[in-house]
Amino acid sequence: MSMIIVINVFSTVLYAEIRDLRKIIKNGDLYCNVLMNVLLVRDLRGKLKAMTTARVEYVLQEDIVANILRNHAGNANLKTTIILLGLFATLSASFNIILLTTILLSRKLRSVQLFILFCNLAILNIFDIFSSMFIPILFIINDNWLFDTTLCRLNATFEQFISMELLMSIMLMAIEHTVKSFFPNQLIFKNWRTLAYIIVLWIISICLAVPILTRNIPVKPSEFWYNCSVDSKVPILYPIVCIFIYGTCLVIILICFAVLLSRNNHYKKQLLSMESRESSILTLEIHTDYLSISKLILLLIILFILFYGPYIILNFFIQIRNSDEILKDNFSFEVPQDAATILHWLRLMYPLLTPILIYASYAEIWLKVRQCIFCLRSEAISIGNYSEAQEMAKEITGT
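Going by my numbering, the residue at position 43 of the sequence shown is 61; the numbering climbs one at a time, nothing skipped.
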């Protein structure tokens, strides 16, 4: 009996121990699951934090693939721009220096006042090449303006001076040709007087460009042109005065061509009324010379209007639109990149095409150029304008 009681007590205790053990195991599984989930969450947080930290710390903005490709394309464009500017500058400077040297080395060529004006035009083109091509190349290479804003102001001043003086020099050619067609024996454009007229026009152009050197007219580097120009909030009186001067020069040129046209009709009537064959031939030679000079001056002004005119008009439009009197809420007008680039490259064509046009119009100058470059010696009579026979014809006819 006692043995049965002991067995029952032992089984009861054993059952209680097994039940408690089951509870412990069940709680242990739950604890293990919770522990595994906690460890998994911590692991995911660690990985996410590592990914975020690596993106912020180690992947810089300029190392992104899109930015790398964009910078590579920008560097390629800058290299192309430098090559094109260097090519334009070299060709333009060479043609203008050859033209200037050829006229100055030839006693016969430099005795003609119109050719002296060609020298003035070549010098202005050389200044223009230095200002609009060589200085931008320095800016692209250094990615900044040398000497801070001083060179930027000088560049903007040169831009204004050259554009004004180029138009004035063409105006002086038209005046010289018109005066000589009516008064061939007058000493209005002779020797030092032509130089004096050139100096006066230079002084006028310098006076119009000097205000840009002061602080009253702000300047800034152009974003797409690689040179400096007048900034916004310029006094509106300055562009208005410049536009008035440009307009006056154009009106004078138009008057000269109207006078030359009437003179051309007079020559035609004179040829029809002449009975002597020799006098008729001499007058025809003079008429042909004056007509060729008129065509050259007309082509020069057309070249200036087509290639330089849009650039000047755009500059004046921006100056007036962004002037201190008109600009409101600091919302300045910006030129589209494509338009700015096209007009700037058109303007760079002018110093290159001008000497080529002169070479094509005057065979005598081209002959001298060939003699200077290739050291040729020719005993042939002069070809083209202002030959000795034509000068004698002027004295005979008195026209």
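By construction, the Cβ of each residue, glycine as well, lies at the ideal position given by its N, Cα and C atoms.
Backbone CA spacing between residue i and residue j [nearest angstrom]
i      : j      : result
Arg365 : Phe325 : 5 Å
Arg388 : Ala381 : 10 Å
Ile338 : Lys251 : 9 Å
Leu96  : Pro239 : 16 Å
Leu371 : Ile159 : 27 Å
Ala140 : His362 : 20 Å
Cys390 : Thr120 : 7 Å
Ile188 : Lys313 : 13 Å
Asn234 : Tyr256 : 10 Å
Ser129 : Met186 : 22 Å
Thr99  : Glu183 : 27 Å
Ile254 : Ser341 : 5 Å
Leu262 : Phe207 : Rather than Leu, the amino acid found at residue 262 in this sequence is Phe. About 26 Å.
Tyr215 : Ile221 : 10 Å
Leu142 : Ser379 : 20 Å
Ser149 : Glu177 : 7 Å
Leu127 : Leu332 : 38 Å
Phe322 : Asn209 : 27 Å
Asn282 : Cys260 : 33 Å
Ile258 : Leu345 : 16 Å
Ser247 : Ala357 : 16 Å
Nearest neighbour of residue i, chosen from the options [CA to CA]
i      : options                        : result
Asn173 : Val228, Ala378, Leu122, Phe113 : Val228
Tyr264 : Thr232, Ile319, Ser312         : Ile319
Met151 : Ile193, Ile101, Leu184         : Ile101
Cys267 : Phe145, Ser223, Asn340, Asn143 : Ser223
Thr167 : Ile115, Ile230, Phe207         : Ile230
Leu317 : Tyr368, Phe157, Ser280         : Tyr368
Buried versus exposed call for residue i [16 or more other C-beta atoms within 10 Å across all chains shown]
i      : result
Trp243 : buried
Phe113 : buried
Glu352 : exposed
Gln355 : exposed
Gly104 : exposed
Arg171 : buried
Lys386 : buried
Val237 : buried
Cys137 : buried
Phe335 : exposed
Glu343 : exposed
Thr175 : buried
Ser350 : exposed
Val269 : exposed
Leu219 : buried
Leu280 : The sequence as given places Ser at residue 280; Leu does not occur at that position. So Ser280 counts as exposed.
Phe201 : exposed
Contacts around residue i, its chain only, beta-carbon distance under 8 Å, and the 5 residues preceding and following it disregarded
i      : result
Pro154 : Leu103, Trp243, Tyr244, Asn245
Ala107 : Ile147, Met151, Phe152, Ile155
His195 : Leu132, Cys274, Leu278, Tyr308, Ile311, Ser312, Ile315
Ile115 : Ala140, Ile144
Ile374 : Phe113
Ile193 : Ile270, Cys274
Same chain, Cβ closer than 6 Å to residue i, five either side skipped, listed in chain order
i      : result
Met191 : Leu135, Ile315
Thr212 : Gln131, Ile134
Asp249 : Pro236, Val237, Lys238
Val197 : Ile206
Residues near residue i in its chain [Cβ-Cβ closer than 7 Å; skip 5 each side]
i      : result
Ser181 : Tyr326, Ile330
Pro328 : Leu361, Leu364
Ile376 : Leu117, Phe136, Ile383
Ala111 : Ile144, Ile147
Leu179 : A quick correction: the sequence has Phe, not Leu, at residue 179. Same-chain partners within the cutoff: Ser223, Ile224, Ala227.
Leu123 : Cys390
Bridge-paired residues (DSSP) for residue i
i      : result
Cys267 : Partner(s): none; Cys267 has no beta bridge.
Leu238 : It should be pointed out that residue 238 corresponds to Lys in this sequence rather than to Leu. Answer is Ser247.
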